[in-house]
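Residue numbers (this note's numbering), protein chains in the order written: chain A, 5 to 375; chain B, 5 to 375. Just so you know, even glycine gets a beta-carbon here, dropped at the ideal spot from N, CA and C.
Right under this line is the structure:
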């Protein structure tokens, strides 16, 4: 049988945490290996990277690397995106960039398909993938915005270390091993304190305010700033009040968010639950009797954002119809999957350059011809 | 030299996580071993428990066990408190009860000494120690309440497993060891999932909604209900809006709380920082440039509640004088120490039955005669 014809999909930063997840999802969708181009820095070029049951050669990222590709998913840093994304567009690719480089650019759509997928294809061939925390937050809240409007969001996060890359997973495991077996500890400084490599604070059995830089004037850190600015842009609500506190926890994968949302129009609990149950990309995990709610373990390597602990703010009295404005919930999503790789693939599907497949099914998946 | 004279202090539940912490603090204060009576259930009676460089015999808790004691610190469950605290009062003790048994009783003062220490001694000989999460929250916010008034509290917690007792620490360590070394895993079920003993959810590299029972109607869990009811009672503000989400994290010791507080009177950042810096029982850890803020590691085995990430809600515009109502901060406190054992000892000090000593100094400490 001749190899399946059709254009390639380029994955920039294929050896990183998000790049590997993109490969995992493409492989699970049955995309033939010869149609996936794994691009990375010169340092990784020449190695090979797992793709389903086979290996893909890692090719150096250069301006010429996008020839023949219909889609380029950038899973690299902002500088790499600034350097190479415009060229990929010129080479004919639909570019989905997972970095922060273009997210707030007024000409670039910032897209969560369940929220504002209608922007895809309207303007330009470069689409920005939002920050993982923003994607999970807005996927969870979109049904409430559509049904009742949203005026304000208070959110405290419990973010997995892998959001800081693969090296952070090693750091968590190494420091945890040392803490459990101090007699053979290898990652500490002479005084016995763990010697952080990725994070400034020890991460084993510890939590800490998010590792992004803190603005000296506002006190807001980089992650919180992304959530605020991106939520306002995606929902097209420049006056949305967003009050985030972003925190790392010793979890390998999947971010959790404790959310209180203030609705425009008060709603009953039945109406809130009804809206969430019908929400795209959401799975309800909410068993009060069993005390079973979303957790990172339940969300890991899953497509949907898990939503639970749905309850009214106990501090607000209902109106005479039993309706309230403020609702609390916990959302949990795999930040490497829906928070990054899956969202990017969904964008390519919406754009018509990758055929939509059922979520989490390993069915055949083909690239359509480049538009 | 004859043994130091004077009445005893009884510690009920001496073998538990909080009881051990009470012993640690009494020993560090130089209280002679013969003046400490370690009480526990019949199961533990006859064993011995560390007290400084020596061991204390563990004595069975009976109605007669309080004879000659000036103070009884109950670090046991609510049923034990209901069964034995009234008798301890009748035996002449000042009773400080760490359980939830009497906290909401209208005749029983519920005390955080930095907040409402003036209630001690006014009424009765039984004083309730608040829930650990409440103590840390109100210690952090009390300076703001005094200076500006507080109208509402939004709080998401990151609670250490040891709040569920010593067995929960073993569970976290065992499950973590298994996760790192699956080839020698001993605490899993046949399908490889960890087999929880204390918590319904796996706790290694995972987080989960607090393990207390969830009210089927309101959706509020037991821990959150305590925070709401106790904060209102301690501050004597029945209409205070408290919106908590309580969550467990894989941390051995010290609870963290991401707080947004709404003030009655708007304030500038300088005024907010000034108030917090002068707060009793608080230590400010707030270095934006170094991204150094409160963490459980920094708070573990420390007396003060650490407060940092002090910043205005980025969603609120300041008034013409630069003042705002809503302020965000992170508080972190050792829930076995200030959240339980230390708070109880402070109450005994305020009552005059234990001489106040400098915090965290190992100076001599004597019981005054029973009042």
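Bridge partner(s) assigned by DSSP for residue i
| i | result |
| --- | --- |
| residue 157 (chain A) | A:246, A:265 |
| residue 330 (chain A) | A:266 |
| residue 44 (chain B) | B:64 |
| residue 271 (chain B) | B:328 |
| residue 225 (chain B) | B:218 |
| residue 291 (chain B) | B:296 |
| residue 131 (chain A) | A:100 |
| residue 59 (chain B) | B:54 |
| residue 252 (chain B) | B:163, B:212 |
Spatial neighbours of residue i in its chain, beta-carbon cut-off 8 angstroms, leaving aside the 5 residues before and after
| i | result |
| --- | --- |
| residue 330 (chain A) | 264, 265, 266, 267, 316, 317, 319, 320 |
| residue 89 (chain B) | 76, 78, 99, 101, 105, 106, 130 |
| residue 352 (chain A) | 13, 75, 77, 98, 100, 358 |
| residue 111 (chain A) | 127, 128 |
| residue 156 (chain A) | 244, 245, 246, 247, 265, 266 |
| residue 210 (chain A) | 254 |
Neighbourhood of residue i by C-beta, 7 angstroms cutoff - its chain only, sequence neighbours within 5 removed
| i | result |
| --- | --- |
| residue 71 (chain B) | 95 |
| residue 269 (chain A) | 152, 153 |
| residue 120 (chain A) | 238 |
| residue 273 (chain A) | 316 |
| residue 125 (chain A) | 355 |
| residue 258 (chain A) | 164, 300, 303, 304, 336, 337, 338, 339 |
Element boundaries [beta strand (DSSP E), containing residue i]
| i | result |
| --- | --- |
| residue 287 (chain A) | 286-288 |
| residue 316 (chain B) | 309-316 |
| residue 54 (chain A) | 52-55 |
| residue 78 (chain A) | 73-78 |
Cβ neighbours of residue i in the same chain (closer than 6 angstroms, five flanking residues each side left out)
| i | result |
| --- | --- |
| residue 80 (chain A) | 16, 17 |
| residue 64 (chain B) | 46, 49 |
| residue 160 (chain B) | 249, 262 |
| residue 294 (chain A) | none |
| residue 347 (chain A) | 133, 139 |
| residue 219 (chain B) | none |
Residue-level contact to chain A via CB, residue i, 8 angstroms cutoff
| i | result |
| --- | --- |
| residue 108 (chain B) | no |
| residue 187 (chain B) | no |
| residue 66 (chain B) | no |
| residue 233 (chain B) | no |
| residue 365 (chain B) | Unreliable positioning characterises residue 365 (chain B) in this predicted model, as indicated by a pLDDT of 36, which lies under 50. A coordinate reading is not provided. |
| residue 222 (chain B) | yes |
| residue 177 (chain B) | yes |
| residue 341 (chain B) | no |
| residue 12 (chain B) | no |
| residue 86 (chain B) | no |
| residue 112 (chain B) | no |
| residue 245 (chain B) | yes |
| residue 332 (chain B) | yes |
| residue 18 (chain B) | no |
Proximity test, Cβ basis, 8 angstroms: residue i and chain B
| i | result |
| --- | --- |
| residue 21 (chain A) | no |
| residue 31 (chain A) | no |
| residue 98 (chain A) | no |
| residue 218 (chain A) | yes |
| residue 335 (chain A) | no |
| residue 360 (chain A) | no |
| residue 346 (chain A) | no |
| residue 327 (chain A) | no |
| residue 184 (chain A) | yes |
| residue 126 (chain A) | no |
| residue 236 (chain A) | no |
| residue 47 (chain A) | no |
| residue 289 (chain A) | no |
| residue 190 (chain A) | no |
| residue 39 (chain A) | no |
Endpoints, alpha helix (DSSP H) assigned at residue i
| i | result |
| --- | --- |
| residue 26 (chain A) | 21-32 |
| residue 119 (chain B) | 117-120 |
| residue 13 (chain B) | Here residue 13 (chain B) belongs to no alpha helix (DSSP H); instead the beta strand (DSSP E) covers 12-16. |
| residue 93 (chain A) | 82-94 |
| residue 140 (chain B) | 136-152 |
| residue 172 (chain B) | 170-184 |
| residue 348 (chain A) | 346-354 |
Any C-beta of chain D within less than 8 angstroms: which residues of the segment 250-280 of chain A qualify? Considering every chain present, this structure includes no chain D. Its protein chains are A and B.
Against chain A: residues of the segment 135-164 of chain B by CB proximity under 8 angstroms: Residues 156, 158, 160, 162.
For the segment 198-215 of chain B, enumerate the residues whose C-beta is nearer than 8 angstroms to any C-beta of chain A, in chain order. In summary, the residues of the segment 198-215 of chain B whose CB is separated from some CB of chain A by less than 8 angstroms are 204, 205, 206, 209, 210, 211, 212, 213, 215, in the order they occur in the chain.
In the segment 307-320 of chain A, which residues sit with their C-beta less than 9 angstroms from some C-beta in chain B, listed in chain order? Within the segment 307-320 of chain A, 312, 313, 314, 315, 316, 317, 318, 319, 320 place their CB atoms closer than 9 angstroms to a CB of chain B, listed in sequence order.
Interface positions of the segment 293-307 of chain A facing chain B (Cβ-Cβ less than 7 angstroms), listed along the chain: 293, 295, 297, 299, 300, 301
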